[in-house]
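Numbering (this note's numbering), first residue to last: 3 to 440. Positions of the beta carbon are idealized from the N, C-alpha and C atoms, including for glycine. Shown next, in structure tokens, is the structure this report addresses.
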Ligand code: SF4
């Protein structure tokens, strides 16, 4: 069967590095997924992806090694539990991410995430964009990933029953990392959809493919960009998105008790069997919902009365006893050339070597490795970030990757590149030296 790549992308599908195999991505708004949905995700993985799953840094789920003939059936199965992939790749509004799942405001922002997902997903006015359009809803400023979105909404409080959000825009990583800027402070929720629509319309009309919004800003400057957005907004009504009753999906925190428990999933790689176990734990202890985190882990938010010790025991029985460095260390990892067509290095294998090299001292840092300059694992926002920048041919016909190494010291900025185009051995040695120096 011949499949059209551009049409596949908007359905959430890319061809893998291995021709004839596909990556199929499912949106999970703000990372909240129910036990029933997770069970279905696991069933589909068994049928079409060899029982394996990948959790992404954008709260999404990817299936790899899917055959073209299986895509339609997989989508039908997932649609039965309300999971869709439309716009998960290509020039569309991507999955709505939340990188602050443990913020007290997570119950509020997860609901906004669902609303934005419903409004923009599959809406033809917001497809056919020059490139991807990434959005985030964060509960506070504790995580810097609001800096790398096309639009990020950071909750700043509620007054007179109206939730308000700072709106940041035009951020992104890739070859030319560029932090977003604060477009407007304390936007009331009634203005969010009209304002985001105006930003996307300006982006769509003014930006040549395959450029991101940050390129438009660089071309025309903030002043002109803001003028164009306000011109689009003129005459647009504010839209009430208030609810008649509370719509949060996860449990409310349990008083002063620890209310969260997290399973460390190395490299975001899960088997269907393990996902079923985690879904069962959510059903027993976390009011039937799991949270996929931006660190590629699975979290459980516990209601009043739940016993965190019992949850930890259940997790240990499921293989998450937290004893291995691979479970304790925050290490964001993209699929690299294990599967991704753009990948220049075997990211998971190198991450395993780095876990050895970092020693105990490295566990206190956050780490990220990307298989190419696209920086899907956000290495510029990790304490130690690694970007694969080149793959060089060796005389014997094999290829060797080269890496840039970043260190981040400022809380609200990007990491600084401290080494360029180094080999795997040089990278491991640099990490050992960091360990020795700490
Ligand atoms: S960073 Fe590059 S190799 Fe990694 S998933 Fe993104 S596009 Fe693929």
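Beta-carbon proximity list for residue i, same chain, < 6 Å, skipping 5 on both sides
i           : result
residue 186 : 169
residue 214 : 133 and 174
residue 76  : 46 and 50
residue 114 : 139
Of the residues the options, the one placed nearest residue i, counting alpha carbons only
i           : options              : result
residue 391 : 56, 423, 42 and 114  : 423
residue 441 : 30, 51 and 151       : Residue numbering for the chain in the displayed model covers 3 to 440; residue 441 lies beyond these limits and cannot be assessed.
residue 10  : 42, 52 and 68        : 68
residue 316 : 264, 244 and 60      : 264
residue 163 : 200, 244 and 60      : 244
residue 285 : 253, 324 and 128     : 253
residue 73  : 60, 262, 97 and 46   : 46
residue 79  : 425, 40, 182 and 370 : 40
residue 378 : 61, 44 and 219       : 61
residue 86  : 120, 305 and 106     : 120
residue 328 : 352, 305, 7 and 307  : 352
Test item: CB-CB of residue i and residue j under 8 Å
i           : j           : result
residue 269 : residue 298 : yes
residue 437 : residue 326 : no
residue 434 : residue 359 : yes
residue 102 : residue 141 : yes
residue 417 : residue 408 : yes
residue 365 : residue 331 : yes
residue 294 : residue 53  : no
residue 346 : residue 374 : yes
residue 59  : residue 296 : yes
residue 130 : residue 93  : yes
residue 148 : residue 158 : no
Distance cut-off 7 Å: residue i Cβ against heavy atoms of the ligand SF4
i           : result
residue 500 : The chain is shown from 3 up to 440; residue 500 falls before or after that span and cannot be answered.
residue 62  : no
residue 344 : yes
residue 179 : no
residue 372 : yes
residue 337 : yes
Rounded separation between residue i and residue j - CA only
i           : j           : result
residue 432 : residue 138 : 34 Å
residue 250 : residue 344 : 37 Å
residue 385 : residue 99  : 21 Å
residue 404 : residue 283 : 41 Å
residue 167 : residue 150 : 17 Å
residue 24  : residue 234 : 38 Å
residue 333 : residue 145 : 15 Å
residue 104 : residue 51  : 31 Å
residue 13  : residue 26  : 8 Å
residue 394 : residue 350 : 19 Å
residue 288 : residue 212 : 42 Å
residue 21  : residue 42  : 27 Å
residue 236 : residue 246 : 29 Å
residue 2   : residue 382 : For the chain, the structure presents residues 3 to 440; residue 2 sits outside this window and is missing.
residue 160 : residue 143 : 16 Å
residue 303 : residue 272 : 20 Å
residue 97  : residue 224 : 26 Å
residue 2   : residue 430 : In the structure displayed, the chain extends from 3 to 440; residue 2 sits before or after that span and is not available.
7 Å CB neighbourhood of residue i in its chain, flanking five on each side removed
i           : result
residue 276 : 320 and 321
residue 279 : 320
residue 376 : 176 and 344
residue 38  : 83
residue 339 : 19, 345, 346, 347, 348 and 373
residue 193 : 240
residue 290 : 36, 37 and 284
residue 341 : 18, 19, 25 and 66
residue 198 : 153
residue 231 : 200, 201 and 204
residue 136 : 96, 151 and 152
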